[in-house]
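Residue numbers (this note's numbering), protein chains in the order written: chain A, 1 to 209; chain B, 210 to 608. For each residue, glycine too, the CB sits at the ideal point set by N, CA and C. The block underneath contains the structure these notes are about, expressed in structure tokens.
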Amino acid sequence: MRVIIFSWEYPPRVVGQLSGYVSALSKALANNKVDVSVVTYDDSATGQTVESSGVKTVRVANPVKSQIGVLTWALTLNEEVERVATNIFYEAHKRIDLIEVFDWHFIPSAVTLKNAFSLPFIYSVDSVEDHRSPNQNSSYNMAIKSIEWLGFYEASAISVKSEWMKDEVVRIYNVPKEKITVLPAELSSLVKEILKIYNEVAEVKKTER
Amino acid sequence: MMLSWEYPPRVIGGISPHIFFLSKHLAKQDMKVYVVTCDFPGAPAHEVIDDVEVYRIDSYKNPAPDFATWVYLMNMNMQKETTALTRKLGNEIDVFHAHDWLVANAGIGLKHVFRKPLLVTMHSTEMGRRDGLHTTTEKMIHETEAWLTYEAWKVICCSDYMISHVKYVFGLPSDKLVMVPNGVNIHNYDSVEDLKDFRGKFALPEEKIVLFVGRLVYEKGIHVLINAVPKVLNKVNAKFIIVGSGYMKEQLLNIVRSMGLEHKVLFQGFLDEPSLLKLQRCADVSVVPSLFEPFGIVALEAMAAQSPVVASDTGGLSEIIDHDVTGVKVYPNNPDSLAWGITRVLVDGYYARHLRENAYKRVQEKYDWGKIAQQTKRIYEGVLGEYSKSFWSNQSTSL
């Protein structure tokens, strides 16, 4: 099983709790014989590393430093994420099973890679725009929501961390319930559950071929 | 595969007709050309125009916070749809050709995903448009342009002036830059219709027609022409026709009124295209008094219409006009010099004919779309030759 993980935060860059979560999860996956490459953002510490756990990481900088907002920042950074993910894909002789995307930031890359290589992706939801910016429907918030919606629509599977979030995603984005899995909090059962999703998505991909 | 944010019927600026003619003439040279562009009300999502495959993508129609953010969101959609299209076409696309920063993200993404060379034509720069970089948005656009030219295999510009400008603002190596001029369609002016009645709507038979076509803004130097009007009228009986509009219109009208020359200067405003083409053919002299001009397509149009050209010696105009051969060059921002140039053409019929004939020949030789497409095709072939030696070319992208 070869997997690429997209996360906009990963140690040593810590913005919220997602950073530690993705780090712990990728280690656990590597321990379970999953070949994990994490693609993440860092403006100075760029490049490739292999951690002692076996997790490979690639950190990319934003090619455009002057930015007017998070949206334009994310949309230009996506091209770099896409570039290195493509390199990983070719270096693995195209034998990548799936991409897991954490939150909306790198959804555009995942969608393009899906269209280009039939590479399925899983959308892992930490939070959604409606909760981060409640009752705000400016064109800025709506644009982020439209990217989230695109992710829910194009993803092969969606994972959330609570029943409440599952209901919210169904309510706000009209996503079919069957597409969403609620993950347990405890790490070993969490890994088991995620591996189950991975296998299902990878299996569907094989039969499609 | 051409990427452009505009293609007819979506016409915002000069890129739209550029892509239209370039693609059409590339297709005539046995190239398979795809154009991916933004959608437009009433225009189909896919059609074939003169053997060119045109695809119109969903240009992101949700409200966007501002123009620049919309551009990036539109690029997200363009990339998504173009990836699916390119995949569907199999291994058919050899080169992606992006036009301006407006399609930067899509072009760069497609290059890496399909591992094919990316070319870019820089029609203009943010630094040039704004005369510097003053806001974060302008800096962001400038850096996006720099990133695009960095990722491109070759950067095409339409004049030597633009080559040196682009080289300077993005710090590019010379061997990455190629000059291919803009073209003009001479057949637009082929009609043999008698224009006597048409001319009569604008000027008396004994008046010579001096034509200006352009936005009435400072950089186009229209105020220089207005100040030259009395100087010309001292020598020749002429009618000055001003086509176009802009923020300087009222101010210019006041100057003309204060000189008591309303009967000699006609502010025509916008003109429909067939009438403009006819008027260009009627003009005894066409004036391009610009202070800043990356290319100067109006001068080229006048040359194709066989109207003698008087232009200021600046930017792209300096390259289009060969003084005393294909037109008259005058000092920029100098009404005396401009009046001298106009008078010289109007009083000497033999000289005017000499300029007209040379200019028409030059347009056919150098600015013909067929020839421009040929040059562009040669650039593609050169890039593909270099590409074939790179490790990317060994990897089949077909899945």
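Look at B:T334 here: in three-state DSSP terms it is coil, with no helix or strand label. In this structure, DSSP gives B:C491 a helical state, which the three-state scheme calls helix. Under DSSP, the beta-bridge partners assigned to A:Y123 are A:V101 and A:I158. Following the DSSP letters along the chain, one finds B:L470 in no beta strand (DSSP E), marked with neither H nor E. Taking a beta-carbon distance threshold of 8 Å, B:T330 does not count as an interface residue toward chain A. In the DSSP assignment, B:A520 forms a beta bridge with B:V497 and B:K538.
Taking a Cβ-Cβ threshold of 7 Å, none of the residues of chain A is close to B:R553; the smallest such distance is about 49 Å. B:H472 counts as exposed, since fewer than 16 other C-beta atoms from the protein chains shown sit within 10 angstroms of its C-beta. Among the CB atoms of chain B, one or more fall inside 8 Å of the CB of A:Y140. Residues of chain A with a Cβ closer than 7 Å to the Cβ of B:H321 are, in chain order, E82, R83 and T86. For the segment 40-71 of chain A, the set of residues with a beta-carbon nearer than 8 Å to any beta-carbon of chain B comprises P63, V64, K65, S66, Q67, I68, G69 and L71, in chain order. Interface residue (Cβ-Cβ distance to chain A less than 8 Å): B:K348 is classified as such. Counting the other Cβ atoms within 10 Å of the Cβ of B:P390 gives 16 or more, which makes it buried. Excluding its 5 nearest sequence neighbours in each direction, A:L75 has C-beta neighbours in its own chain below 8 Å: P108, listed in chain order. In its chain, beyond the 5 residues on either side, V111 and K114 have a beta carbon closer than 7 Å to the beta carbon of A:E154.
The C-alpha of A:F152 lies about 41 Å from the C-alpha of B:V378.
By the Cβ test, the segment 302-313 of chain B is not in contact with the segment 474-483 of chain B, since fewer than three Cβ pairs between them sit closer than 8 Å. Non-local C-beta neighbours of A:A24 in its own chain, meaning closer than 8 Å and more than five positions away in sequence, comprise L187, ordered along the chain. In the three-state reduction of the DSSP assignment, B:F504 falls in the coil class. Check the Cα spacing between A:K65 and each of A:S44, A:F106 and A:S146: the tightest is with A:S44.
Any Cβ of chain A closer than 8 Å to the Cβ of B:T334 would place that residue at the interface, and such an atom is absent.
When B:L357, B:L386, B:M349 and B:K348 are compared, the shortest CA-CA separation from B:V364 is found for B:L386. Residue contact check for A:A202 against chain B: no CB pair falls below 8 Å. Our two residues, B:Y596 and A:R59, have alpha carbons roughly 27 Å apart in a direct line. Counting only runs that start and end inside the segment 393-440 of chain B, the beta strand (DSSP E) elements of at least 3 residues fall at 417-422.
In this structure, B:A513 keeps its C-beta atom at 8 Å or more from the C-beta atom of B:Y370. Of the residues assessed, B:I221 falls on the exposed side of the cut-off, its CB having fewer than 16 other CB atoms within 10 angstroms. Apart from sequence neighbours up to five positions away, the residues of its chain that approach B:V572 with a beta-carbon distance below 8 Å are V393, I395, L509, M512 and A513, ordered along the chain. In the DSSP assignment, A:K56 falls within the unbroken beta strand (DSSP E) covering K56 to V60. B:Y269 sits in coil when the DSSP states are folded into three classes, being neither helix nor strand.
In the three-state reduction of the DSSP assignment, A:S118 falls in the coil class, being assigned neither a helical nor a strand state.
By the rule that beta-carbons nearer than 8 Å mark a contact, A:P120 does not touch chain B. At least one CB of chain A lies nearer than 8 Å to the CB of B:Y281. Close to B:I266, with beta-carbon spacing below 7 Å, lies no residue of chain A; the smallest spacing is near 13 Å. For B:K448, the enclosing beta strand (DSSP E) stretches over residues A447 to V452. Going by beta carbons, A:D103 and A:W8 fall inside the 8 Å limit.
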